[in-house]
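All the letters of the sequence shown, read from the start, carry residue numbers -28 to -1, 1 to 528 under mature numbering (1 follows the signal peptide of the UniProt record, and there is no 0). The block underneath contains the structure these notes are about, expressed in structure tokens.
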Amino acid sequence: MKTVKLKIRKGISLLYAGIFVYTFSACSAGRTEQQPNSVSQDEQQLYIGDSIAVAQTQYGKVRGYLLRDIYTFCGIPYGASTAGENRFMPPREPEPWEGIRPAVFWGDTAPQITTGKYRNTYTTFTDHWNYYGVSEDCLMLNIWTPALADTKKRPVLVWIHGGGFTNGNSIEQDSYRGENLSRYGDIVFVSLNHRLGPIGFSDFSEVDEKKFAESGNVGILDLVAGLKWVHNNIAQFGGDPSNVTIMGQSGGGAKVCTLVAMAETKGLLHKAVALSGNITGAIDNNYSTELGKYILKEAGLPPSQINKLQEIPWLDYIVLANRAAAKYDKQLGGNGMMRGSFGPVGDGFHIPMDTFYTDPEAPSAHVPMLFSTTTCEFSISRDNATLEKMNRTQLVEMVDKMKGKNGENIVLAYEKAFPDKKPIELLGLIMSSREKVIEAINAKAQQSAPVYLAWFGWEPPLFDGRMRSFHCLDISFWLKNTDVMLTHTGGGKRPRDLSTKMTDALLSFMRTGSPNCTSLPEWPQYTPDKGATMMLNDQCEVVYDPDREARKVLTE
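Right, here's the structure in full:
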């Protein structure tokens, strides 16, 4: 018995050692079976040296490396440190440097609470988050490109990470890495970090209108600064500054929606893709300014001493601000869970105060957008096989608890729309209702630029099939990384085939503003009356708003 236990422990140790080696590579894309490249497996894969992968930026030269024929740069500063007197201030340009700056490993993650990320759970195994340094010197970006400063103008994809407006970083998941897409599509891939949570979105504009007028939006202004850096520098990395597509998932999708709505991004972005994260408005500035006052009160400071909030350690400030937000929400009649909390503020200057995309003359009117969600954003049975046996009565009871009422009518509506689904699958569809994405795309469809809608339904053969089409799964398909993010897809030909179809559509959208390509059936533009939707699965097909009637029952 003792021998058996020792063997089991040894096997577990080897498993986790393998995962560590797999995930920890200096700014590489990990495994690269996804897309063949010109470098034989028997040849040297990595090159770095005095005259290799050196690029010029407006602030100085940077040195990256050449990995499997893709030039890779990590941790290039696009802004100065946001610590000290720069906290709560709009982003400032980095100081120029002499010589050549190393750009071979990730820049620091924006300040956030990361406690519990690496507990020994199925989530750790599945997502194995990538978190390294965390500091206020976080305005850094990464680049993957097939060539440097040549005459070829490649489309540029700027990836914006998820995690709401509170967590995440530019390489949080291996799915975020840009090597394979850069190689396959001959494009330039950029990802970047920006300020988050209370550090990025504390609105003190009514405490000190002169100094802190923009404090509530500095996190989103970081992204604008990043896009300006791309506009001014990406040609040195083989990219076309006049053809930039922004793309993000979850919180990143919400950031995409916000950036498109901002007038100051005109000329900095030209197409946009929002995945499983959609908003049509920012936080009300009455809420955000009152919360700013509440933070000051929680700190025990008079308005004349607000500068002291720039001096305390960032973690202490985040804890203080979150505590103030919980108390403020409770005062408003909430449960202390911070219903508004920290995110972009509708200030009427940087971000519209009304519904996004309502102005037919706004710059956003000329930006084509592609929206997509998954069919089961929240798979609650992954770690609990007993839920697979849920019966209809139990389903109705759960929906009653979720919605407060109307469980029977909601279940009836979804059964009618999806008669082949069993109760646990219907629950996933109800929990993942498309209300928000339809609201967003209907708003954008009022403008002149075309919009397209997808619904991702592919399910991995992991956890006995109980993962379903979960939140974040589709990222690796869009970005050509299904053989990189094995713990999401299982790897192999089946997910790779769908990834090729989706990647081809994305690349077509980047180049032309339309996702139509030979890999997929004809993809009609979305209109609110017809609701054309590309279902993404082993077999892709166009459907027309199949859950329209079911969604109506959710709001009755």
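Even glycine gets a Cβ: it sits at the ideal position worked out from N, Cα and C.
- As the crow flies, the alpha-carbon of R64 is around 28 Å from that of G249.
- For V423, the enclosing beta strand (DSSP E) starts and ends at V423 to F428.
- Counting every other CB atom within 10 Å of its CB across the protein chains shown gives Y43 a total of 16 or more, marking it as buried.
- By the beta-carbon neighbour count (other beta carbons within 10 angstroms, threshold 16), G21 is exposed.
- Counting the other CB atoms within 10 Å of its CB gives V216 a total of 16 or more, which places it among the buried residues.
- A straight line joining the alpha-carbon of G305 with that of D158 spans about 53 Å.
- Residues S480, E494 and W495 of the same chain have their beta carbon placed closer than 7 Å to that of N488, with the five preceding and five following residues left out of the count.
- With 16 or more other Cβ atoms inside 10 Å of its own Cβ, H166 counts as buried.
- Under DSSP, C512 forms no beta bridge with any residue.
- K243: member of the beta strand (DSSP E) spanning K243 to L247, first to last residue.
- The beta carbon of F209 is closer than 8 Å to those of A27, Y43, F45, I115, T117, L120, A121 and V160 in its chain, skipping five residues each way along the sequence.
- Judged by DSSP in its simplified three-state form, K33 adopts strand.
- Take V232, set aside five residues on each side of it, and the residues of its chain with a beta-carbon closer than 6 Å to its own are A244, S336 and V339, in chain order.
- With contacts defined as CB atoms closer than 8 Å, S404 and T345 qualify as a contacting pair.
- For Q221, the enclosing beta strand (DSSP E) begins and ends at G211 to Q221.
- Taking 8 Å as the cut-off, the beta carbon of I447 is found closer than this to the beta carbon of S147.
- Exclusion of the five residues before and after N257 leaves V317, G318 and D319 as the residues of its chain whose Cβ lies within less than 6 Å of its Cβ.
- Per the DSSP secondary-structure output, T527 pairs with nothing in a beta bridge.
- Rounded to whole angstroms, the gap between the alpha carbons of S163 and G464 is 26 Å.
- With respect to the 8 Å criterion, V525 and A415 are not classified as neighbours on the basis of their beta carbons.
- In this structure the segment 75 to 89 lies against the segment 98 to 109, because at least three pairs of beta carbons, one per stretch, are closer than 8 Å.
- DSSP places Q13 in the coil class of the three-state scheme, outside both helix and strand.
- Sorting L247, P62 and A52 by C-alpha distance to the C-alpha of V190 places P62 at the top.
- According to the DSSP assignment, R466 belongs to the alpha helix (DSSP H) that extends over K465 to T484.
- Checking the DSSP bridge columns, you'll see F161 partnered with W116 and L129.
- DSSP links L18 through a beta bridge to L39.
- For the set E380, A298, G105 and N152, the Cα lying nearest the Cα of D476 is the one of N152.
- Non-local C-beta neighbours of T347 in its own chain, meaning closer than 8 Å and more than five positions away in sequence, comprise G400, L401, S404, W427, F428, G429, R440 and S441, ordered along the chain.
- Classified as buried, L241 has 16 or more neighbouring CB atoms from the shown chains inside 10 Å of its CB.
- A185 carries a coil assignment under DSSP once its states are collapsed to helix, strand and coil.
- T527 and P500 have their C-alpha atoms spaced approximately 18 Å apart.
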